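Peer 1:
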Amino acid sequence: MADSSFEMEFYSPSSHQNHLHLTPTSSHFGTSSSSHHRSHTPTPRRTQNRSPATPFASDNDMSWQGYGAVSAGRLVLLSYVARGGTGSGPLATKDELNMIKYESQEHEFLHGSSHKQTPSHHYGGDDQYNDSDKVSAYEEDDDDEGDGGPAKSIGLLGLFKYSTKWDIFLVILGCLGALINGGSLPWYSHLFGEFVNKISKESSNGEKGQMMKDVEKVCLLMTGLSAIVVVEAYLEITCWRLVGERSAQRIRTEYPRAVLRQDIGFFDTEISTSDIMHGISSDVAQIQEVTGEKMAHFIHHIYTFICGYTVGFLRSWKVSLVVFSVIPLMMFCGIAYKAIYVGLAAKEEVSYRKAGSVVEQAINSIRTVFSFVVKDKLTARYAELLTKSMPLGAKLGFAQGAGIGVIYLVTYSTWALAFWYGGILVARGEISGGAAIACFFVVNVGGRGLALSLSYYAQFAQGTVVASRVFEIIDRVPEIDPYSPEGRAIKSVRGRIEFKGITFAYPSRPNAQILNSLHLVIPSHKTLALVGASGGGKSTIFALIERFYDPIIGTITLNGHDLRTLQVKWLRDQIGMLGQEPALFATSIIENVMMGKENTTKKEAIAACVAANSHRFITDLPLGYNTQVGDRGTQLSGGQKQRIALARAMIKDPSILLLDEPTSALDPESETIVQQAIDKIFSGRTTVVIAHKLATVRNAHTIVVLDRGSAVEIGNHNQLMEKAGAYYSLVKLASDAVSNHTSKNNAGKGSELFMNEKSAYDVLGLKYLYEVSRSNYLKSMQDEGLEEKEEKQETNPENYKLSEVWKLQRPDVFMLVLGFLLGLLAGAVLSIFPLILGQALQFYVAEPPSKMKQKVGDLCLVLVGLGFGCIIFITGQQGLCGWAGTNLTKRVRDLLFQSILKQEPGWFDFEENSTGVLVSRLSIGCTSFRSVLGDRLSVLLMGLSSAAVGLGVSFFLQWKLTLVAAALTPFTLGASHLSLIINIGLRLDNESYAKASNIASGAVSNIRTYTTFSAQEQLIKSFDQALSEPKKKSVKRSQIQGLTLGFSQGAMYGAYTLILWYGARLVQKKQQNFGVVYKIFLILVLSSFSVGQLAGLSPDTSMAATAILNIINRRPLIGNDQHKGRKIEMSKPVDIEFKRVTFAYSSRPEVVVLSDFNLKVKGGSMVALVGGSVSGKSTVVWLIQRFYDPIQGKVMMGGIDLREFDVKWLRRQTALVGQEPALFAGTIAENIAFGDPNAS
């Protein structure tokens, strides 16, 4: 029996006359019914303004043939074969193309009835079962109405939903440390008030000796407080960091476990791969922040507020009450800031996620990108999506600046109010100047604590939103739950499966009915073959048997038991699945095989490989069973992948086998080996086969012809041939097509193929002999020098300087300089503030009441003016720098994406350049650039300005005291710098997190495969193993971080105490008055906070720049982004020649794939490459497209070495149809247009 392509079209019984029509293959195939009367005489179905039945031939190239017209309900077969010798090309003529209504969404393709075409199910629609593993969900919804709406959130305590008893204990200790540490500053301020009372009162009375004794007592109390702070700060930071780390580790494990628990419909309609990856990386990191140090700081500052006002009320309830009245205004500002900031951040995040989906899809299909030279289209689309997010980034900067400015205004106004009202009370004699000063400080320290705590509201709000999103998935219990122990487990599985009146539609397309009242019996221990057209329901039957979905109507039974009453995991353990495109995981061969069965042993895995005829080739590999297969199994050939997948399916000894023609895309040798292995396991099992080849169909016990979700014929081969119905017509169509086969192979275009086992590779099988494995691991080096250069480049990345980042920021230099200038002015304002405070204190204790009230009133007006100045300067600084930072982020992301897409294919085979890692660098890494220049540097300059002005004024007022303070600065900053180094170690954990994210990405991309083999727990073990290193370091790092921060704060309090003591000595010796001491002390205290920010910039810049710029500046070994090189005239076919080519992949340099290889392909001829796995077939294809270069020899086209050609031009001269086609998010027309950049 000969072979051909066919597609079926069935007219429903509701038609005027019922016929089953088999039509030529059409890319416009639909599933609509017709109410038109059909003649029994087959004619070409063409009407005005209707697309041709096939877009690949014109009317003049077709001869229409009828294969019989019989009574109602029988077959009418329509087919065509191209006429030879016409000289016509393979494309439709211009006149025919003009007849297609491209702008219409409803074409009358087949029946003359208007029917909106719907694509096959995006997640495993019919005849694309394994494509469902590619959970892309990259489709964009142009309607963004919901993007910026209010996001769901949980309460603050809800963040600790998954905390353990040990976590609660750590929380209690952390709270104790935060409370005592938070109260330290108000009490220190209270002691400062006592210091002011002692020094002012006794110095004015001339009792210098008693003054020093009293001052030293106060200083001793301050020193004791410093020692307490060391211990409590250690508890605060260590415990809360551990809580955050432990929570994040737990969520990082539970989140992917929960994702893998979900039913397939969840991935169809509710979540995308990019959302899941964002949840694992970014969302969990935010949760870690808010449940760790952010929570510690929040409690710290809240208690500072409470303690400050408590002490203040004890000192002077009137002053405290007046200042307390400002709190509602502070809270209103915080709430408004939160609402605006969170709303803008949520919109920006949605926008970035859309752009991230483009990146992930492009990297996942990188060879398709290279083959069709679509880099420019993808980068343009990515840039377009990034551009949409830029206004949001700029608004975020201005909103942040305005929020900070308002906080400063309220703070300064609060000080002004306190000074004004305190002056009134001092003038009345109700309170002393020292008591008023002490009250001012503790109350304003409390107010500062409230302001700082409010600043965390936006982060907590964002954290609760992302936590709600993550926790919702963790808590979600799917209707089809593989983790549930509920359900029956049958002791003896005979394997009889029955479909009783099944009606089904996919959740993503509820209006497109796939199965329609299907009745089907699959006998136990027999083989049943499913044949039919795309959309007929074959793959849907597989999905329902595995209970990926439940039917809408009807019942599916196993041994008479409804599948819904059986335990889900047990059911799937009884089923073995093998498809056309096996999905292997990015791990070793032995681990891939062991994924097929939980708690299996290596001995069992090796036995399965022996049974699958894969043991020999595995042991021949350098690392044997420990060989890494690469992302999606890219290091292995198609035949090798299929045999490993077969071993994985066999290891659990399934009672039911589901086979989607696993040998259809293999070369003859691999097909024979795999088929022999499959034949071994057929016996005694219930086997369902989606059939493409006649040999498979002929040997089946039962054959079911499906169309539009119904079984139109059932029987074995001989019965159906004798019946002369639909099956007979399909076989005859295949035979006639082969007998009329010409060199054009026009009859070979179809979604289903019956192939004779003897003639397949002689006739129609030629196109299948181009076995196209997805990739072979790593790149081929052009010469030894390049190899050394690449090795150096990969192992010793250059540390880039800030100047490199400045080059990228150059287009926004005016905006950035203006922002920096405003930052310098803001810093100067901040340094004036302590000078005014010191002057006010001096007025309180040194001026008579009448003059004091007026002078203090004038200073209050100046303070309010400074607050408005802060709004102007800080809003401008944050807004302009944020705007410039957003532009920089967009620029860097754009450049990085372009640089990624210009690297040679082998670069992507390295684990550090896997999809998950690169997507993470584009999302998180690039954002750090904005932090460096847009945020951190501007704040740094503001701190420098404040410190410089403050130190200058201090030197002018009293150089001795200033020198003492400057000498103590290294002690306070040294601990801060050590703390920063530990934080860098934290960032280095990103490598481990990226590896774990890559594992999760592979799992989600192959979700059906993981679900089929119930391999969720094996994945979680691998995921946990990748995170084990950061988990081990977390305890030690948290303790060191707590100690350094504790000593840092203790050293700070000690330094302040020493400055006060030395200032008192200067007053005692009459070398300075106490007013100057106050001013210098306040200037140095407030300036030290600004100087402390110096340590944070440089390392962060290096970490951010090095990770990204190494890729941007990397020179690809094969310059596919260069427009240099030759181009030749291609009007005539050219020869392709391999001259003494030697080639080995750098991942396996000891395995020579091609050795002194010679081949010449004459222009215009067809050459079939045959041979076993790893014989070099795919390598020849890759070398022709110049994905790699040979180690020795030449690959030539038209007598010219391929290395002399422009790479882009060269690849545009070739067309590659691979074993695993990759489509991009977008319309069908856009995907077709990818093949030609100039397509209309």
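Residues 0 to 1239 (numbering that gives the first Met the number 0) make up the sequence shown, in order. We put the CB at the ideal spot given by N, CA and C, even for glycine. As the structure is a computational prediction, the values presented were derived from the model and not from experiment.
How should Leu1081 be labelled, buried or exposed, when 16 other C-beta atoms within 10 angstroms of its C-beta is the threshold for buried?
Peer 2: With 16 or more other Cβ atoms within 10 Å, it is buried.
Peer 1: Output the distance between the C-alpha atoms of Arg1211 and Ala511, rounded to the nearest integer angstrom.
Peer 2: Computed Cα separation, rounded: 38 Å.
Peer 1: State the Cα-Cα distance for the pair Phe1046 and Glu235, rounded to the nearest angstrom.
Peer 2: So the two alpha carbons sit approximately 13 Å from each other.
Peer 1: Starting from the C-beta of Gly984, find all residues in its chain whose C-beta is less than 8 Å away, skip the five residues before and the five after it, and write them out in chain order.
Peer 2: Because Gly984 carries a pLDDT of 46, less than 50, the predicted location of this residue cannot be relied on, and the following value inherits that uncertainty. Correct list, in chain order: Lys1032, Arg1036.
Peer 1: Short check: CB of Thr701 to CB of Pro522, under 8 Å?
Peer 2: Cβ distance < 8 Å, so Thr701 and Pro522 count as in contact.
Peer 1: At what residue ranges does the stretch 163–198 contain a whole run of the alpha helix (DSSP H), taking only runs of 4 or more?
Peer 2: The stretch 163–198 contains no whole alpha helix (DSSP H) run of 4 or more residues.
Peer 1: Let's test the definition: count the other Cβ atoms within 10 Å of the Cβ of Ser319 and tell me whether it reaches 16, buried, or not, exposed.
Peer 2: When all chains shown are included, Ser319 counts as buried.
Peer 1: Compute the Euclidean distance between the alpha carbons of Ser324 and Leu416, then round it to the nearest angstrom.
Peer 2: Roughly 10 Å separates the two Cα atoms.
Peer 1: Could you check whether the stretch 369–383 touches the stretch 343–350, counting it as contact only if at least three pairs of C-beta atoms, one from each stretch, sit closer than 8 Å?
Peer 2: No, they do not touch.
Peer 1: Over what stretch of residues does the beta strand (DSSP E) that includes Gly1192 continue unbroken?
Peer 2: Per DSSP, Gly1192 belongs to the beta strand (DSSP E) from 1191–1196.
Peer 1: Going along the chain, which unbroken runs of the beta strand (DSSP E) with 3 or more residues stay wholly within the stretch 444–515?
Peer 2: You should have 496–504.
Peer 1: What are the start and end residues of the beta strand (DSSP E) that includes Gly531?
Peer 2: Segment 526–531, the beta strand (DSSP E) holding Gly531.
Peer 1: Enumerated in chain order, which unbroken segments of the beta strand (DSSP E) with a length of 3 residues or greater are wholly contained in the stretch 619–668?
Peer 2: 655–658, all fully within the stretch 619–668.
Peer 1: I need the straight-line Cα distance from Val918 to His189, nearest angstrom please.
Peer 2: If I take the Cα positions, the gap works out to 52 Å.
Peer 1: Going by DSSP, what residue range makes up the beta strand (DSSP E) through Arg427?
Peer 2: Unbroken run through Arg427 is the alpha helix (DSSP H), 374–427; no beta strand (DSSP E).
Peer 1: Within 10 angstroms of its Cβ, does Asn1112 collect 16 or more other Cβ (buried), or is it exposed?
Peer 2: Under this definition Asn1112 is an exposed residue.
Peer 1: Who are the Cβ neighbours of Phe297 in its own chain at under 6 Å, not counting the five residues just before and after it?
Peer 2: Result list for Phe297: Ser452, Tyr455, in chain order.
Peer 1: Please classify Ala646 as buried or exposed, where buried requires at least 16 neighbouring CB atoms within 10 angstroms.
Peer 2: Label assigned to Ala646: buried.
Peer 1: Using the C-alpha atoms, what's the distance from Val321 back to Leu887?
Peer 2: When rounded, the distance between both Cα atoms is 46 Å.
Peer 1: DSSP has Ile552 in a bridge; who is on the other side?
Peer 2: According to DSSP, Ile552 bridges with Thr502.
Peer 1: Mapping the DSSP letters down to three states, classify Asn363 as helix, strand or coil.
Peer 2: Residue state, collapsed to three classes: helix.
Peer 1: Tell me the rounded alpha-carbon separation between Val938 and Val405.
Peer 2: Straight-line Cα distance between these residues: approximately 17 Å.
Peer 1: Any idea what DSSP makes of Trp958, helix, strand or coil?
Peer 2: In the structure shown, Trp958 sits in a helix (DSSP, three-state: H, G or I).
Peer 1: Work out the CA separation of Asp659 and Glu712 for me, nearest whole Å.
Peer 2: Each residue's Cα considered, the two are about 20 Å apart.
Peer 1: Whose C-alpha, out of Asp1134, Val1140, Leu1153, is nearest the C-alpha of Gly1163?
Peer 2: Selected option, being the one with the closest Cα: Asp1134.
Peer 1: Ignore the nearest five residues each way along the sequence and tell me which others in Tyr420's own chain have a CB closer than 7 Å to its CB.
Peer 2: Within the same chain, Tyr420 has close Cβ partners Val318, Val321.
Peer 1: Could you tell me how far apart the beta carbons of Lys1078 and Leu834 are, in whole angstroms, since I believe they sit closer than 8 Å?
Peer 2: That belief holds up - the Cβ atoms of Lys1078 and Leu834 are roughly 6 Å apart, short of 8 Å.
Peer 1: Taking only three categories from DSSP, how would you classify Ile326?
Peer 2: Three-state result, Ile326: helix.
Peer 1: DSSP state of Glu783, grouped into three classes?
Peer 2: With a pLDDT of 37 at Glu783, under the threshold of 50, the predicted position of this residue should be treated as unreliable, and no value is reported.
Peer 1: Taking Arg1007 as the reference, give the member of Ser533, Glu580, Tyr302 with the closest Cα.
Peer 2: Comparing Cα-Cα distances from Arg1007 to each of Ser533, Glu580, Tyr302, the minimum goes to Glu580.
Peer 1: What do you get for Phe1022, buried or exposed, if any count of 16 or more other CB atoms within 10 angstroms of its CB means buried?
Peer 2: Classification of Phe1022: buried, given that the 10 Å Cβ count is 16 or more.
Peer 1: Give the C-beta separation of Pro477 and Asp262 to the nearest angstrom, bearing in mind that I take them to be a contact with Cβ-Cβ under 8 Å.
Peer 2: That pair is a contact at about 4 Å.
Peer 1: In the structure shown, what three-state DSSP assignment does Asp213 receive?
Peer 2: Reduced to three states, the DSSP call for Asp213 is helix.
Peer 1: Quick check on DSSP: helix, strand or coil for Ser1027?
Peer 2: Helix, per DSSP.
Peer 1: Taking the CB atoms as reference points, tell me whether Phe867 and Leu328 lie closer together than 8 Å.
Peer 2: Their beta carbons are not under 8 Å apart, which means Phe867 does not touch Leu328 by this criterion.
Peer 1: Among all the DSSP beta bridges, which residues are the ones paired with His560?
Peer 2: Partner(s): Leu557.
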